[in-house]
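Residue 207 in this note's numbering sits at position 207 of the sequence shown; the count goes up by one each step and never skips. Backbone N, C-alpha and C define an ideal beta-carbon position, used for all residues, glycine too. Structure, as structure tokens:
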Amino acid sequence: MTGLPLTVLGIETSCDETAAAVVTLRADGRAEVRSSVIASQVAEHAPYGGVVPEIAARSHVEAIDTIVLRALADAGVGVKDLDGIAATAGPGLVGGVMVGLSFGKAMALALDRPLAAVNHLEGHAVSTRLAADVPYPFLLLLVSGGHCQLLEVAGVGACRRLGSTIDDAAGEAFDKIAKTLGLPYPGGPALERLAEGGDPARFPLPRALLGRDGCDFSFSGLKTAAARIAETLTKDADRRDLAAAAQAAIARQLAERSVRAMQAYARAHQGRDLRFVVAGGVAANRAVRAVLQDLAAAEGFAFEAPPLAYCTDNAAMIALAGAERLAAGLSDGLDALARPRWPLDAAAAAARPTHKAGRKGAKA
Ligand code: KG4
Ligand code: ZN
């Protein structure tokens, strides 16, 4: 164990944001975000309709030192004030991960400070603790562009996977349906705006895995059905209705699978406070949040979701995960690997693989 307080620099480069942040884990165990800087590459990828890995990696190289210096300046912190360096080591686009992880290793070596090689999913898992006092354990629905999982989170390094998508991630479904509706990248927020005022009951969409045991997800049937309908639409009002129907169908699938996890979790934690946390980029969606909030209330769970700025990728969540790891005595050597795939619960992923090596889809 390393004593608190701990001030940690976090670095995030696993997808299309170059981000750096300084977070202090205070003596009372609460996080204080001292700075959080995010340089988005959206404009560079938008012409291609999605993230181009080589462009992302080069762009991280160009931005990383400026962004780290800005995070330190915004926090009013000098490098000597840092107690540790945390960098995302995966899962993600490996060219980008290598940029941030190498930068973090170089800083850790030069400053003689410990390194935390952080799993990006663990960052999302702790993100709700950046702005609120949410004690462990909790049930987590992690919904982002690359991931859709239900996890029991007992602390850093102690996550148990209850279910995962067997094909696309929820954010991927949002993005792909948005594309077929002619919306710009990134599609999730654009689809949410288009869905405003649309009629979600107008187009019936398939309900995957209905009645199936377990807590896995599937979005590919819904995505394909929505894409087929989108091709036939010409009027804006019809596109609005389809956007509303797709958004409602994604929210319904998240709820239908989460309720199973809630019931299993409640049985295993009888007599204890029950907390349900939703995190990741899709947690920014108001319709999704509303459905899950109602569900949590009905099942007797307190509902928590990070503020919108901490739902999508950021480095504050990486800094906090790193600080909690260092506080627990967990640090990494300079030989830590950059990993394109890295399940949070390796045992569950090996026992019930949803993806074979090399296949496209959720990364962990
Ligand atoms: O967590 P995140 O920033 O990156 C990953 O780790 O994947 O999540 C990005 C994903 C994208 O698929 C994006 O379309 C989706 O989150 N997203 C949304 C919204 N904001 C972001 N999806 C639906 N509604 C939103 N408001
Ligand atoms: Zn993410």
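*alpha helix (DSSP H) segment containing I250, residue limits*: Stepping through the sequence shown from its first residue, residue 250 is reached at position 250. Run containing I250: 236 to 268, per the alpha helix (DSSP H) assignment.
*Helix, strand or coil at E299 according to DSSP, with G and I counted as helix*: Position 299 of the sequence shown, counted from the first residue, corresponds to residue 299. Residue state, collapsed to three classes: helix.
*Keeping to the same chain, check which residues put their C-beta closer than 6 Å to that of A208; ignore five residues upstream and five downstream.*
One-based indexing of the sequence shown puts residue 208 at position 208. So the list reads S218, G221, once near-sequence residues are dropped.
*How far does the alpha helix (DSSP H) with V99 in it reach, from first residue to last?*
To locate residue 99, count along the sequence shown from 1; it is residue 99. 94 to 111 is the span of the alpha helix (DSSP H), which, as asked, contains V99.
*Just the Cα atoms here: how many angstroms apart are C215 and T128?*
Position 215 of the sequence shown, counting from 1, holds the residue named residue 215. Position 128 of the sequence shown, counting from 1, holds the residue named residue 128. One C-alpha to the other measures close to 22 Å.
*Going by alpha carbons, who is nearest to P278 out of A170, L72, G10?*
Taking the sequence shown and counting its residues from 1, the one referred to as residue 278 is at position 278. Just to set this straight, residue 278 is Val in the shown sequence, not Pro. Nearest C-alpha to V278: A170.
*asked:* Quick check: the region 196 to 205 against the region 235 to 244, are at least 3 beta-carbon pairs closer than 8 Å?
replied: yes
*How big is the Cα-Cα spacing for C148 and L141?*
Counting from one through the sequence shown, the residue named residue 148 turns up at place 148. Counting from one through the sequence shown, the residue named residue 141 turns up at place 141. Between C148 and L141, the C-alpha separation is close to 7 Å.
*Residue range of the beta strand (DSSP E) that includes R375*: Outside the shown range of the chain, which is 1 to 364, sits residue 375, and nothing can be said about it.
*Any heavy atom of ligand 1 closer than 6 Å to the Cβ of N285?*
Translated into positions along the sequence shown, residue 285 becomes position 285. True, at least one ligand heavy atom lies under 6 Å from that Cβ.
*Hey, would you say the C-beta of D236 is under 6 Å away from at least one heavy atom of ligand 2?*
Indexing the sequence shown from 1 puts residue 236 at position 236. Every heavy atom of ligand 2 is 6 Å or more from the Cβ of D236, so no.
*Burial state of R339 (16 or more Cβ within 10 Å)*: Reading the sequence shown from its first residue, position 339 is the one you call residue 339. R339 comes out buried.
_Out of G157, D112, P53, A63, which one is the CA nearest neighbour of I85?_
For the purposes of this step, residue 85 is taken as residue 85 along the sequence shown, with counting starting at 1. If we check each option's Cα against that of I85, D112 comes out closest.
*Which residues in the same chain as G123 place their Cβ atom closer than 6 Å to its Cβ, once the five residues preceding and following it in sequence are excluded?*
The residue labelled residue 123 in the question sits at position 123 within the sequence shown. Answer for G123: M317, I318, A321, listed in chain order.
*Under three-state DSSP, which class holds L344?*
The residue given as residue 344 occupies position 344 in the sequence shown. Residue state, collapsed to three classes: coil.
*asked:* Let me confirm a value: P186 is counted as buried when at least 16 other C-beta atoms fall within 10 Å, else exposed. Which label applies?
replied: For this step, residue 186 is matched to residue 186 along the sequence shown. Buried, because 16 or more other Cβ atoms sit within 10 Å of the Cβ of P186.
*Distance between V23 and G29 (C-alpha atoms, nearest Å)*: Within the sequence shown, residue 29 is the residue found at index 29, counting from 1. Within the sequence shown, residue 23 is the residue found at index 23, counting from 1. One C-alpha to the other measures close to 12 Å.
*Between A251, T232, R267, K105, which lies nearest to G333 when the distance is taken from Cα to Cα?*
Here residue 333 refers to the residue found at position 333 when the sequence shown is read from its first residue. Looking at the Cα atoms, K105 is the closest of the given residues.
*Pick from H269, L326, R260, P307 that is closest to A298, judged by C-alpha positions*: Taking the sequence shown and counting its residues from 1, the one referred to as residue 298 is at position 298. Ranking H269, L326, R260, P307 by Cα distance to A298 puts R260 first.
*Cβ contact (3+ pairs, closer than 8 Å) linking the region 33 to 48 and the region 173 to 187*: yes
*asked:* In the DSSP output, which residue or residues are listed as bridge partners for V118?
replied: Mapped onto the sequence shown, residue 118 falls at position 118. T88, per the DSSP bridge assignment.
*Where does G187 fall in DSSP's three states?*
Along the sequence shown, read from residue 1 onward, the residue named residue 187 stands at position 187. Residue state, collapsed to three classes: helix.
*Report the rounded CA-to-CA distance for I64 versus P189, giving the unit in angstroms.*
As a first step, residue 64 is located in the sequence shown; it is residue number 64 there, counting from the start. As a first step, residue 189 is located in the sequence shown; it is residue number 189 there, counting from the start. Their Cα atoms are separated by approximately 26 Å.
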